[in-house]
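Chemist: Under full-length UniProt numbering, the first residue of the sequence shown is numbered 1, with each subsequent residue one higher.
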Amino acid sequence: MNAETPISPAALPFAVPTSRWDESVAATLTPAELLLYRSNLLGSDLTVTNFGGGNTSAKLTETDPLTGEPVEVLWVKGSGGDIGSMTLDGFATLYQAKLLGLEQHYAGPEDDDKMVGYLPHCTFNLNSRAASIDTPLHSLLPFAHVDHVHPDAIIALAASSGGEAATRAIWGGRIGWLPWKRPGYTLGVMLRDYVAANPGVEGVMLAGHGIICWADSARACYEHTVRLIADAADYLNARLAARPAFGGQAVAPHPDRAAIAADLMPRLRGLMTGARRKVGHFSDDAEALEFVGSADFERLAALGTSCPDHFLRTKIAPLTLDPARLQDDAYLAEKIADYRALYAAYYERCKRPNSPAMRDANPVVVLVPGVGRITFATDKTTARLAGEFYGNAINVMRGAEAIGDYIALDEQEAFDIEYWLLEEAKLQRMPAPKPMVGRIALVTGGAGGIGAATAARFLREGACVVLADRDAAAAKDVRTGFAKQFGQDVVRAVACDVTDEAQVKAAFDFAAREFGGLDVLVANAGIASSAPIEQTTVELWDRNFDVLAQGYFLTAKHAWPRLRRMKDQGGASVVFIGSKNAVAAAAGASAYASAKAAANHLARCLALEGAPEGIRVNIVNPDAVIRGSKIWDGDWRKERAASNKVDAGEELEAHYRNRSMLKRDVLPEDIAEAAYWLGSDLSAKSTGNMINVDAGNVQAFTR
1 MNAETPISPA ALPFAVPTSR WDESVAATLT PAELLLYRSN LLGSDLTVTN FGGGNTSAKL
61 TETDPLTGEP VEVLWVKGSG GDIGSMTLDG FATLYQAKLL GLEQHYAGPE DDDKMVGYLP
121 HCTFNLNSRA ASIDTPLHSL LPFAHVDHVH PDAIIALAAS SGGEAATRAI WGGRIGWLPW
181 KRPGYTLGVM LRDYVAANPG VEGVMLAGHG IICWADSARA CYEHTVRLIA DAADYLNARL
241 AARPAFGGQA VAPHPDRAAI AADLMPRLRG LMTGARRKVG HFSDDAEALE FVGSADFERL
301 AALGTSCPDH FLRTKIAPLT LDPARLQDDA YLAEKIADYR ALYAAYYERC KRPNSPAMRD
361 ANPVVVLVPG VGRITFATDK TTARLAGEFY GNAINVMRGA EAIGDYIALD EQEAFDIEYW
421 LLEEAKLQRM PAPKPMVGRI ALVTGGAGGI GAATAARFLR EGACVVLADR DAAAAKDVRT
481 GFAKQFGQDV VRAVACDVTD EAQVKAAFDF AAREFGGLDV LVANAGIASS APIEQTTVEL
541 WDRNFDVLAQ GYFLTAKHAW PRLRRMKDQG GASVVFIGSK NAVAAAAGAS AYASAKAAAN
601 HLARCLALEG APEGIRVNIV NPDAVIRGSK IWDGDWRKER AASNKVDAGE ELEAHYRNRS
661 MLKRDVLPED IAEAAYWLGS DLSAKSTGNM INVDAGNVQA FTR
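1) Measure the alpha-carbon distance for L12 versus A153 and round it to whole angstroms.
2) May I have a chain-ordered list of the beta strand (DSSP E) segments no shorter than 3 residues that lie completely inside the stretch 229-313?
3) Which residues in the same chain have their Cβ closer than 8 Å to the Cβ of V25, if we skip the five residues on either side of it in sequence?
4) Candidates G688, D681, A675, N621: which alpha carbon is nearest F701's?
5) Count the C-beta pairs between the stretch 183-190 and the stretch 77-96 that are closer than 8 Å, then say yes if the count reaches three, no if not.
6) Would you check if the stretch 541-554 and the stretch 585-597 touch, i.e. whether three or more CB-CB distances between them fall below 8 Å?
7) Identify, in the order they occur along the chain, each residue of the same chain with its Cβ nearer than 7 Å to the Cβ of G90, setting aside the five sequence neighbours on each side.
8) Could you have a look at T382 and say whether DSSP puts it in helix, strand or coil?
9) Any heavy atom of the ligand FMN within a distance shorter than 7 Å of the CB on F508?
10) Round the Cβ separation of R398 and N362 to the nearest angstrom and send it over; I've been treating them as touching at under 8 Å.
11) Quick check: the Cα distance between G688 and A531, rounded to an integer number of angstroms?
12) Tell me the residue span of the beta strand (DSSP E) that contains M690.
13) Looking at C-beta atoms only, is the number of pairs between the stretch 283-301 and the stretch 229-240 that lie closer than 8 Å three or more?
14) So, are the CB atoms of G679 and S573 less than 8 Å apart?
15) With a threshold of 6 Å on Cβ separation, who are the neighbours of M86 within its own chain once the five nearest residues in sequence on each side are excluded?
16) Within 10 Å of its beta-carbon, does C605 have 16 or more other beta-carbons around it, so buried, or fewer, so exposed?
17) For the alpha helix (DSSP H) that contains F510, what are its first and last residues?
18) Going by C-alpha distance, which of E461, H558, G117 is nearest W677?
19) Within a Cβ cutoff of 7 Å, which residues of the same chain sit near M358, ignoring the five residues on either side of it in sequence?
20) So what's K315 in DSSP terms, helix, strand or just coil?
21) Output the residue ranges of the beta strand (DSSP E) runs that lie fully inside the stretch 104-177 and measure 3 residues or longer, sorted by chain position.
22) Taking C-beta to C-beta, are H558 and V494 nearer than 8 Å?
23) Just the Cα atoms here: how many angstroms apart are A624 and S590?
24) Could you check which residue in R269, T314, P356, T305 has the C-alpha nearest to that of K335?
25) With DSSP collapsed to three states, give me the class of W21.
26) For C350, list the residues DSSP reports as bridge partners.
27) When the Cα atoms are used, what is the spatial distance from L319 to A250?
28) Whose C-beta lies closer than 8 Å to the C-beta of H254 among residues of the same chain, with five residues either side of it excluded?
29) What do you get for E418, buried or exposed, if any count of 16 or more other CB atoms within 10 angstroms of its CB means buried?
30) Can you give me the C-alpha to C-alpha distance between F508 and G517, rounded to a whole angstrom?
31) Let me make sure I understand the geometry here. Which of D665, V666, I691, K663 has the alpha-carbon closest to that of A675?
32) Helix, strand or coil for L326 per DSSP?
33) Between the beta-carbon of L326 and the beta-carbon of L264, is there less than 8 Å?
34) Going by other Cβ atoms of all chains shown within 10 Å of its Cβ, with 16 needed for buried, is M436 buried or exposed?
35) Output the distance between the C-alpha atoms of G570 and R277, rounded to the nearest integer angstrom.
36) I'd like the span of the beta strand (DSSP E) that includes N55, first residue to last.
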């Protein structure tokens, strides 16, 4: 939501889902495809379930590849998938008879982890998709189609002291209730036995966890799930309408909250030291502002989240900050240190003899009255999802408090889920992150040839990138292409004329708000001109210096406060895209060459100034990057062709290629490679350097 949009603190009702089933589509599908269709419908509707949450199943008749005989197979969402976006290969497939036979190995709750180890032995048709921990909830129930979802309206009932009574009030005896039990085989046995003892039930509320329901067909199961959620939403909405949420408003939304977040996020990020850097996500949506500004905020925030899906992404509790002390660096450092100490104490209280080592103790969720919700993680997608899940938790608290007292997850239960050995094993199986994950780069002239190639190089290695360019439409187009290639979360575009200080500052504020700060600045925005000295006007001279010297000065100046925040995390980097002409005189281009020389000397000055702050400053000097370069698309190409007395087409390219020592074309990707090296930790001990990427030019040899 736009930060300037007025926010009403009034309680927001729970969205009421409706069926989106299209029988004309369903009629064309196989039984397995019907399961996928149902799953995608459920998962793509955030009123039904949140990202990655919930699981669906169907017991289908398949042909056994060994015997050729028909056999019952459980198709169930595999581990780690998202039912909203998954495809058929996201389902685990298991012999139902073998799953039922596993009970001979089960002696009680202490065997939960052991039972997970038997699931691969039940795999049908060599399916490599791992079965999830919730598989027994589906296999032990005697129904053809089963849905298990965690929508906010349902979790609000499941996490309230009044939830069981509300369940009876809404559905009578049609929906049962089971007390909290961690997901696993024991919960599956409890569920099966409850249903057997209560043959009329159509579903069961799992305290703190969600709802599970069933039907005889894919459509009936889907529509049953949607109706149950709508019933819960209607019930809660009626009660929320009669009372202010969270005790009413205590702190109004700040009109400058976007600017406050842009200033605060890099300062917090710089304090979150650890094995990997963090990326931030800011939200000032209505739910967040209502919650952080409420009378009950501190009481409820301290309780933490309730649903395991929420908790695993948001940690035991959020960090809350006093909005009156956000400018006090000592206060922020103390709050981060206190949180880490509290997290370490929680680990020590709850750890088991075989618990994995303590993980990152920094907060994931930071809440500021009047400002909103900030989340940090090692990558942007995880940070965004953590924020969304805490938004779900806010909705849950709102509904739970409307019918009773909100009940958070028990501390020991929370720890046992967070440090579950099965969860640890899953984390250990994950591939190592790319080297620039957690890093944030801003590239000026990001829509041009060198700028876009440089941005792509950083994105390829996992960085988040802001494309800053005076041509807003071009930057948007480049961003659209990169979003398709690298994902929506990791790339942003912003209009920025580097000669306008207000726009430069706004671009870095934008980067801070979108990603949390800055690790790498690539100053690349440029122009080029060619004219003999007598034809070089003051306007032409000033235009070159405005863009190539003052523009580089302004971008460095406004990047600096963010970059120096990263000193305790290994430092930051500035890369100037210079020119061969910055060190080798050029006839007929005095304005351009002089401005480039000024920028290069500025970089050396900044290398001296930045070293104590952990900021490295280096230069890449290209030459004749013709192909793919916007600068060479206009007058500069014609001017240089005329100066060199060659045709402006292939002759010009051949001229520059043959002029080089290596007789090779220099491409935007070649400059990007050098910029990446200087911006990454590969050059961690290099500052004040110039790297020539010009295919060899003796005049440009550094002295």
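Quick reminder that beta carbons are idealized off the backbone N, C-alpha and C, glycines included. The structure presented is a predicted model; accordingly, all values stated were derived computationally and were not measured.
Modeler: Working from what's here:
1) Here residue 12 corresponds to residue number 12 of the sequence shown, with the count starting at 1. Here residue 153 corresponds to residue number 153 of the sequence shown, with the count starting at 1. Model confidence at L12 stands at a pLDDT of 48, short of 50, so the residue's coordinates are unreliable; what they give is reported in the following sentence. Roughly 12 Å separates the two Cα atoms.
2) Complete beta strand (DSSP E) runs here, min 3: 279-283.
3) Looking up residue 25 in the sequence shown gives position 25. Answer for V25: Y37, listed in chain order.
4) For the purposes of this step, residue 701 is taken as residue 701 along the sequence shown, with counting starting at 1. Among G688, D681, A675, N621, the Cα nearest to that of F701 belongs to N621.
5) No, the stretch 183-190 does not touch the stretch 77-96.
6) A contact exists between the stretch 585-597 and the stretch 541-554.
7) As a first step, residue 90 is located in the sequence shown; it is residue number 90 there, counting from the start. Contacts found: K77, G78, G81, R129.
8) Taking the first residue of the sequence shown as 1, we reach residue 382 at position 382. Reduced to three states, the DSSP call for T382 is helix.
9) As for the ligand FMN, it is missing from this structure, which has no ligand bound.
10) Indexing the sequence shown from 1 puts residue 398 at position 398. Indexing the sequence shown from 1 puts residue 362 at position 362. R398 to N362, Cβ: 27 Å. No contact.
11) Working through the sequence shown from its first residue, we reach residue 688 at position 688. Working through the sequence shown from its first residue, we reach residue 531 at position 531. If you take the alpha carbons of G688 and A531, they lie about 31 Å apart.
12) Mapped onto the sequence shown, residue 690 falls at position 690. From DSSP, the beta strand (DSSP E) with M690 extends over 690-693.
13) Flag = no, the stretch 283-301 and the stretch 229-240 do not touch.
14) Stepping through the sequence shown from its first residue, residue 679 is reached at position 679. Stepping through the sequence shown from its first residue, residue 573 is reached at position 573. Annotated as proximal: G679 and S573, with beta-carbon spacing under 8 Å.
15) Translated into positions along the sequence shown, residue 86 becomes position 86. Leaving aside the five residues that flank M86 on each side, none in its chain has a CB nearer than 6 Å to its CB.
16) The sequence position of residue 605 within the sequence shown is 605, counting from 1. The residue in question, C605, is exposed, as its Cβ has fewer than 16 Cβ neighbours within 10 Å.
17) The residue given as residue 510 occupies position 510 in the sequence shown. Counting along the chain, the alpha helix (DSSP H) containing F510 begins and ends at 501-515.
18) On the sequence shown, residue 677 is found 677 positions in, with the first residue counted as 1. With distances taken between CA atoms, W677 lies nearest to E461 out of E461, H558, G117.
19) Numbered from its first residue, the sequence shown carries residue 358 at position 358. The residues are A344, Y347.
20) Numbered from its first residue, the sequence shown carries residue 315 at position 315. Three-state result, K315: coil.
21) Taken in chain order, the whole beta strand (DSSP E) runs of length 3 or more contained in the stretch 104-177 are 145-149.
22) As a position in the sequence shown, residue 558 is number 558, starting the count at 1. As a position in the sequence shown, residue 494 is number 494, starting the count at 1. Their beta carbons are not under 8 Å apart, which means H558 does not touch V494 by this criterion.
23) On the sequence shown, position 624 is the one that residue 624 refers to. On the sequence shown, position 590 is the one that residue 590 refers to. One C-alpha to the other measures close to 16 Å.
24) Here residue 335 corresponds to residue number 335 of the sequence shown, with the count starting at 1. Comparing Cα positions, the closest option is R269.
25) As a position in the sequence shown, residue 21 is number 21, starting the count at 1. Here W21 sits in coil by DSSP.
26) Your numbering for residue 350 matches position 350 in the sequence shown. In the DSSP output, where bridge partners are listed per residue, C350 has none listed.
27) As a position in the sequence shown, residue 319 is number 319, starting the count at 1. As a position in the sequence shown, residue 250 is number 250, starting the count at 1. Near 19 Å, if we compare the C-alpha coordinates of A250 and L319.
28) Reading the sequence shown from its first residue, position 254 is the one you call residue 254. Excluding positions up to five away in sequence, the list reads I260, P323, G370, V371.
29) Walking along the sequence shown from the start, residue 418 turns up at place 418. With a threshold of 16 other beta carbon atoms within 10 Å, E418 meets it and is buried.
30) The residue you call residue 508 lines up with position 508 of the sequence shown. The residue you call residue 517 lines up with position 517 of the sequence shown. Rounded to the nearest whole angstrom, the CA to CA distance from F508 to G517 is 8 Å.
31) The count along the sequence shown starts at 1 and reaches residue 675 at position 675. The candidate whose alpha carbon is nearest that of A675 is I691.
32) In the sequence shown, the residue the question calls residue 326 occupies position 326. Coil, per DSSP.
33) Working through the sequence shown from its first residue, we reach residue 326 at position 326. Working through the sequence shown from its first residue, we reach residue 264 at position 264. A Cβ-Cβ contact shorter than 8 Å links L326 with L264.
34) The residue given as residue 436 occupies position 436 in the sequence shown. By the 10 Å Cβ count, M436 comes out buried.
35) Counting from 1 along the sequence shown, the entry for residue 570 is found at position 570. Counting from 1 along the sequence shown, the entry for residue 277 is found at position 277. C-alpha separation (whole angstroms): 9 Å.
36) Stepping through the sequence shown from its first residue, residue 55 is reached at position 55. Unbroken beta strand (DSSP E) run through N55: 55-63.
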